[in-house]
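Residue numbers (our numbering): 33 to 341.
Below is one structure; the comments refer to it alone.
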């Protein structure tokens, strides 16, 4: 492979996990590249206000934080390439990443492809994201302090979001298509006891009502077909996430939900391949846990490159 450039590390995805890995790798003297298909930040860049990332006492918007992370990594020599990764051979030596801008080669690869929220698929949903439609209560909940919000879903994420929002919002309306929650039993009693949580069972959201921002939702009873209008200030959609693992499904081990199996070491089932951020199995998916993963991945990669893995 003497005729091609082989990087010590390529991070696939320019979110907080990918750029933290790039920062740590570049500072360690590793020849480092970040492949990002759109712009730095990933899902973080779509968040208008991040109040729970340490060091920014007034909060910071996700796009600006992403730019700062990119610039910091590049200051130490990491490169960024805007390219769509089309296929990967992670078992090859060196590892091969075919992209819209041609092939790239690396000794180690950090998979930082993230996970996207599952959408309801309603008209106007995408346009109203950030204007009343949200997918992360921990990220955006404080914007609805003292207001009325709807949570859509019945699993653990919806239950956790409803509990968190009940401590912030004036009223939380939990909408679920069945007559009982799918969430584990530990959530049931606290939800039922919360005085400001209202349940709308056997119901689905059929329409987002809005002017410039969300003003309410239209609900439909799945049994009777009856429709009702519920005024609200925000809608938190908590119906699961889709990990971006399509390109690695046949190469690294995944759990039953499609996330890459990797513990706190970030090591995957393939030597020299690491998973960071929302794409890996983990109990909490936040910016702060993604950057921790990025730092850990580089530590593991350095051991691998030194022949210690």
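Backbone N, C-alpha and C fix where the C-beta goes; we use that ideal spot for every residue, glycine too.
Small disclaimer: the values here were computed from a predicted structure and weren't measured.
Using the three-state DSSP reduction, which class does residue 64 fall into: helix, strand or coil? Working through the chain shown from its first residue, we reach residue 64 at position 32. Residue 64 falls in the strand class under three-state DSSP.
With DSSP as the reference, please indicate the residues paired to residue 134 in a beta bridge. Taking the chain shown and counting its residues from 1, the one referred to as residue 134 is at position 102. Bridge partners of residue 134: 131.
Looking at the structure shown, is residue 218 part of a helix, part of a strand, or coil, going by DSSP? One-based indexing of the chain shown puts residue 218 at position 186. Here residue 218 sits in helix by DSSP.
Do residue 285 and residue 142 count as a contact pair if the criterion is CB distance below 7 Å? Stepping through the chain shown from its first residue, residue 142 is reached at position 110. Stepping through the chain shown from its first residue, residue 285 is reached at position 253. Cβ atoms of residue 142 and residue 285: not closer than 7 Å.
Here's the rule I'm using: 16 or more other beta-carbon atoms within 10 Å means buried, otherwise exposed. How should residue 218 be labelled? Reading the chain shown from its first residue, position 186 is the one you call residue 218. Exposed, since its Cβ has fewer than 16 Cβ neighbours within 10 Å.
Look at the alpha carbon of residue 98 and the alpha carbon of residue 209, and state the distance between them as a whole number of angstroms. Stepping through the chain shown from its first residue, residue 98 is reached at position 66. Stepping through the chain shown from its first residue, residue 209 is reached at position 177. Going from the Cα of residue 98 to the Cα of residue 209 covers about 37 Å.
If distances are taken between C-alpha atoms only, which option among 83, 113 and 77 comes closest to residue 96? Working through the chain shown from its first residue, we reach residue 96 at position 64. That would be 77, whose Cα lies nearest to the Cα of residue 96.
DSSP on residue 49, reduced to helix/strand/coil? To locate residue 49, count along the chain shown from 1; it is residue 17. Helix, per DSSP.
Please report the residue range of the beta strand (DSSP E) in which residue 242 lies. By one-based count along the chain shown, residue 242 stands at place 210. It spans 235 to 242 - the beta strand (DSSP E) in which residue 242 sits, taken as one unbroken run.
Cβ-based neighbour list, residue 37, same chain, cut-off 6 Å, excluding 5 preceding and 5 following: In the chain shown, the residue the question calls residue 37 occupies position 5. There are no such residues.
Indicate the three-state DSSP secondary structure (helix, strand or coil) for residue 280 in the structure shown. The residue given as residue 280 occupies position 248 in the chain shown. Helix, per DSSP.
So what does DSSP say about residue 106, is it helix, strand or coil? In the chain shown, the residue the question calls residue 106 occupies position 74. If DSSP states are grouped into helix, strand and coil, residue 106 belongs with the helices.
Can you grab the Cα-Cα spacing for the pair residue 310 / residue 252, in whole Å? Here residue 310 refers to the residue found at position 278 when the chain shown is read from its first residue. Here residue 252 refers to the residue found at position 220 when the chain shown is read from its first residue. Distance between the alpha carbons of residue 310 and residue 252 is about 33 Å.
Which of the three DSSP states, helix, strand or coil, is assigned to residue 227? Counting from one through the chain shown, the residue named residue 227 turns up at place 195. In this structure, residue 227 counts as coil in the three-state DSSP scheme.
Comparing alpha-carbon positions, which option in 272, 262 and 263 lies nearest residue 168? The residue you call residue 168 lines up with position 136 of the chain shown. The option with the nearest alpha carbon to residue 168 is 272.
Where do the N-terminal and C-terminal ends of the beta strand (DSSP E) with residue 122 fall, by residue? If you number the chain shown from 1, residue 122 lands on position 90. No beta strand (DSSP E) contains residue 122, which DSSP labels as neither H nor E.
Indicate the three-state DSSP secondary structure (helix, strand or coil) for residue 100 in the structure shown. Along the chain shown, read from residue 1 onward, the residue named residue 100 stands at position 68. If DSSP states are grouped into helix, strand and coil, residue 100 belongs with the helices.
Name the DSSP bridge partner or partners of residue 259? Along the chain shown, read from residue 1 onward, the residue named residue 259 stands at position 227. According to DSSP, which records beta bridges pairwise, residue 259 is partnered with 252.
Beta bridge counterpart(s) of residue 41 as assigned by DSSP: Sequence index remark: in the chain shown, residue 41 carries index 9 (1-based). Paired residues: 64 and 140.
Coil, strand or helix - residue 33 by DSSP: Mapped onto the chain shown, residue 33 falls at position 1. A caution first: residue 33 carries a pLDDT of 48, below 50, which makes its placement in the model unreliable, though a value can still be read off. It is coil, neither helix nor strand.
Does the segment 108 to 121 touch the segment 55 to 66, meaning 3 or more C-beta pairs lie closer than 8 Å? yes
Bridge-paired residues (DSSP) for residue 88: Numbered from its first residue, the chain shown carries residue 88 at position 56. Partner(s): none; residue 88 has no beta bridge.
I'd like the list of long-range same chain contacts for residue 301, defined as Cβ closer than 7 Å, with 5 residues on each side in sequence excluded. Numbered from 1 along the chain shown, position 269 holds the residue referred to as residue 301. Counting only Cβ-Cβ distances below 7 Å, and skipping sequence neighbours, we find 284, 285 and 293.
Three-state class that DSSP yields for residue 167 in the structure shown: One-based indexing of the chain shown puts residue 167 at position 135. Note: residue 167 maps to coil in three-state DSSP.
Below 7 Å between beta carbons: does that hold for residue 154 and residue 241? Your numbering for residue 154 matches position 122 in the chain shown. Your numbering for residue 241 matches position 209 in the chain shown. Going by C-beta atoms, residue 154 is not nearer than 7 Å to residue 241.
Do residue 308 and residue 74 have their C-beta atoms closer together than 7 Å? Position 276 of the chain shown, counted from the first residue, corresponds to residue 308. Position 42 of the chain shown, counted from the first residue, corresponds to residue 74. No. Outside cutoff.
Please check the pair residue 52 and residue 323, which I expect to be a contact at CB under 8 Å, by giving their CB distance rounded to whole angstroms. Here the question's residue 52 lines up with position 20 in the chain shown. Here the question's residue 323 lines up with position 291 in the chain shown. So it is a contact: roughly 4 Å between Cβ atoms.
Just to confirm the assignment, what range does the alpha helix (DSSP H) spanning residue 291 have? If you number the chain shown from 1, residue 291 lands on position 259. Note, residue 291: premise wrong, no alpha helix (DSSP H); not H, not E.
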